[in-house]
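Here the structure comes first, spelled out in C-alpha cells, and everything after it is commentary.
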Amino acid sequence: VAFSPDGGLLASASRDKTVRLWDPSTGVLQQNLEGHSASVQSVAFSPDGRLLASASEDKTVRLWDPSTGSLQQTLEGHSDWVWSVAFSPDSGLLASASADKTVRLWDPVTGALQQNLEGHSDWVHSVAFSPDGGLLASASRNTTIRLWDPSTGVLQQNLEGHSASLQSVAFSPDGRLLASASNDKTVRLWDPATGALQQTLEGHSDWVWSVAFSPDGGLLASASRDRTIRLWDTATGVLQQNVEGYSDFIQSVAFSPNGRLLASASSDKTVHLWDPSVSTLQQNVEGHSASVRLVAFSPDGRLLASASRDTTIRLWDPSTGVLQKTLEGHSAPVQSMAFSPDGRLLASASDDKTVRLWDPATGALQHTLEGHSVWVRSVAFSPDGRLLASTSYDKTVRLWDPATGALQHTLEGHSVRVRSVAFSPNSRLLATTSSDKTVRLWDPVTGALQQTLEGHYASVQSVAFSPDGRLLASASNDKTVRLWDPATGALQQTLEGHSDWVWSVAFSPDGGLLASTSRDTTIRLWDPATGALQQTVEGNGFIYRIKFGHDGSCLITNLGSFNIQSTHDSHTSKSLQVDSGILIEQGQWIVLKSEKLLWLPPEFRPCCLAIDSNLLALGLPSGRVTFIRFLL
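Residues 61 to 692, numbered by my numbering, are exactly what the sequence shown covers, in order.
Structure follows, in C-alpha cells:
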C-alpha cells in the first residue's frame, strides 16, 4: 500500500494482478489498474504525485497516471520478479529491486535505464531513497543491506547484522535513521551515515515484512506475519502500541502524509485504515463461536461481560483484552445481563426461560432461577441489591432474592408482554411497562400493585425514575414521553416532538435533564420541571438505549456517547451544547468529536457496544470482542 503525496489517494497492490486506487477518507474505489500478467508486489507514488509505479512478478515495472488510470510506461529489463519500487525525492529516478539480484535505476519520464546495481548475492526485496536523494538503500535475502550513491552507482556501505532475509527498508524523514525488517523477527535501526546499528526492536513472533516511519519521524510501524502491527518510539525503541485483529498475515504498512492514518495490507485481501495517534485496536479476541449480542461493563469498569448466540457469557479484562472466565450453563441465547450494584453478582436472562446468577470473580454459578414459562427478556437489580426483577413474554415480572435465589413475588396484571422494569432510587417502588399501553407501579417488598398509569395509546417501551424519586418518565410508541407523579399516579407532563416511536428515557444525575431516544433517530433533551425542549440531537441511526454518565457530562447510547456542556449567557440563562463523543456512524465509522477517525471493515462492524470512559468495547458478528482505547 502507498499514499499519494497529498493523501488523497491510497494505492494497493494485489496477487490478483491489479492495482487499486482508493479514496482513504471514504473507502470508495476510484480506479482499478489492469495490465500486469502476474502478482503485483509493490506500488509507489512519485513525490510530485504525477506517476504511480507498480512492480510485478511478471518481471516488469509499470508507470501509471493516477489521475486517469492510464498506463504511461512499461519498464522491461529485469530477468526475474520485481519486488519493490521507489522514486527519488525529486521524482527524477525510479529504483526497482528484483529477484534477479540487481537494483535498476530508471528515468521515469523516458523509461530509459540509467544504472544497473550489482553486488547482492540473492534476491533484492526492497529499495528506498534517503530524503535528500543522496543514498539508495537495498535490502536482500542474503541478510545484508547495501547503501549506494544513486548518481554514480557506487557502493557506500554494507550493513550486516540480521540473521535472516531482509524484507523491507525505510529512511526516517530527516534521513538520520534507516529501519530494516527481517525474517529474523526483528526490526533494526541504523545510522546510514556511519552504518552503525542504533537499536534492535524485538517483539514480533514471526517474520517482519514491512516498516514505515511517521511523517514526523517519531513513530515506526512494523507489519508482521504474526498478524500484528507494532508502533515503536524511534528515539527510545520502546513499543508504543500493538495492533491486533487480522485473520491473516500483514504484508505492508504506510503512513498518510499528515500522519493521521496508517494503512495496512493483509493476506486476508483487506486494506485497513487506522488512526495511530488517537486510538489503537488493543485487543481483538476471538472467544465466542457465534455473534456477540450484548456487552456490559461491571460497575468498577474492571470486567466486561459479553453474551453470545453461542449461549455462553465471557468475562474479559478490558485493560488487557485477556479472557478471564467462560460462563456456561444456558441452553439458549442470553437476552439480557446486569451486574449487581456492588459488582459481586452477574445476572443473565435467557431464551431457555431461566435467569442465572454468577460470581464474576470466580465464574461460579450461584443460582438458577426457574419459574417463567417462556423467554426471559430482561433483568434488573434494585439499587440496594436486595432484589432482582426479571421480565418475560409470559406477561409476568418475578422478584427474586439474589442472595438465596428464592422467588419472592410473581407480579401479574399486564395483559400482554412486559417490556421493561425500573426500580425507584430508594428501592421501594418497581415500575413495569407493557405492550398493553400501561405503566404499573408495585411495592416490591409485598408484591402489591400500587398504581396503574393509563394515558398512552400505544405500547410503552421504557420507564425511568428521577434521582429524587419524585418523577417517573415513560416512553411510548405513541411518539410521546409522559411524566408522572409516582406517589399519586397523576400525569404531570406530556412531552411531544418526536415523529416516531420513543424507545428509551433517562434522567441526568442531578435530575435537571431528561433524555429521550426515538426511532426518528434523534435524542431530545427536556427540562422535566417545565416540559420544555432544551436540545434536539441527530443520532445518525436508531438509538434505542440511553443513560447518562456518572457525572452527567455525557450520554451513553447503543451507538456511542455524546458530550453535554451547560453554558450561561450574560443574562444567566442556561443553554446546552451537545457534541458527539465516541460514536459508531452508519455502522462503519468510529467518530470522535464529530471527526471520522477509523473506518471499520465489514468484519469489525459491531452488533453491540459498551463504553466506559475512554474505552470502547465492540461485540462482533464473528464472536470476537474488540477493545479500543482513546487518548482523550
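A virtual CB, placed ideally from N, CA and C, is assigned to each residue, including glycine.
_For I373 and S366, which I take to be in contact (beta-carbon distance under 8 Å), what is that distance rounded to the nearest angstrom?_
7 Å
_Member of G278, A295, D308, L279 whose CA lies at the smallest distance from the CA of R285_ = D308
_A295, buried or exposed, once every other Cβ within 10 Å from all chains shown has been counted against 16_ = exposed
*Could you check the C-alpha separation between Q133 and S85 for me, to the nearest Å?*
29 Å
_If I follow the unbroken beta strand (DSSP E) through I205, where does it start and stop?_
205-209
*Kindly indicate which residue of A670, W649, S654 has the alpha-carbon position closest to the one of P661.*
W649
*asked:* Since H180 and Q227 should fall inside the 8 Å C-beta cutoff, what is the C-beta to C-beta distance between them, to a whole number of angstroms?
replied: The Cβ separation is near 14 Å, so there is no contact.
*Shortest alpha-carbon distance to V169 belongs to which of W208, S198, R122, A157?*
R122
_Restricting to Cα atoms, I'd like to know which of L70, D538, N674, P191 is closest to N623._
N674
*Is the CB-CB distance between G431 and R458 below 7 Å?*
yes
_Through-space distance from D570 to S484, alpha-carbon basis_ = 15 Å
*asked:* L261 and V247 - do their beta-carbons sit closer together than 7 Å?
replied: yes
*Taking all protein chains shown into account, do 16 or more other C-beta atoms lie within 10 angstroms of the C-beta of S339, making it buried, or fewer, making it exposed?*
Bear in mind that a pLDDT of 39 at S339, under 50, signals an unreliable position, so the number given afterwards is only what the model happens to contain. With 16 or more Cβ atoms within 10 Å of its Cβ, S339 is classed as buried.
_I want to know whether the segment 488-496 touches the segment 460-467 - three or more CB-CB distances under 8 Å._
no
_Give me, in chain order, the residues of the same chain whose beta-carbon lies closer than 7 Å to that of D182; leave out the 5 immediate sequence neighbours on both sides._
K161, S200, R201, N202
*Grab the span of the beta strand (DSSP E) containing C614 for me, first residue to last.*
614-617
*With a cut-off of 8 Å on the beta carbons, I'd call P275 and P317 a contact; round off their distance for me.*
6 Å
*Which residues share a DSSP beta bridge with V415?*
A409, L429
_Secondary structure of E663, DSSP reduced to three states_ = helix
*Can you tell me the Cβ-Cβ gap for F231 and A197, rounded? I've got them flagged as a contact below 8 Å.*
7 Å
_Here's a check: name, in chain order, each residue in its chain whose Cβ is nearer than 7 Å to the Cβ of N92, leaving out the five neighbours to either side._
T78, R80
*asked:* Using the three-state DSSP reduction, which class does A224 fall into: helix, strand or coil?
replied: coil
_From V436, P401, V382, G381, residue whose alpha carbon lies closest to that of S408_ = V436
*Hey, how far is the Cα of L615 from the Cα of P393?*
28 Å
*Do L532 and P546 come within 7 Å of each other at the CB atom, strictly closer than that value?*
yes
*In three-state terms, what does DSSP make of H332?*
strand
*asked:* On the DSSP bridge list, what partners appear for T134?
replied: R122
*Whole-angstrom Cβ separation of A241 and V61, contact assumed at under 8 Å?*
Actually they do not touch by this definition, with Cβ atoms about 15 Å apart.
_Identity of the residues DSSP links to F147 by a beta bridge_ = L154
_Collapsed DSSP secondary structure at H185 in the structure displayed_ = strand
*asked:* Alpha carbons only, please: which of G255, R369, P210 is nearest the one belonging to N218?
replied: G255
_Under the three-state DSSP convention, the category T464 falls into_ = coil
_Cβ shell of S534 (< 6 Å), same chain only, five flanking positions each side left out_ = V499, V520, V523, R542
*Can you name the residues that DSSP bridges to F483?*
L490
*When DSSP labels each residue in this structure, what does F602 get in the three-state scheme?*
coil
*Residue nearest to D140 in terms of C-alpha spacing, selected from T128, V163, W124*: V163
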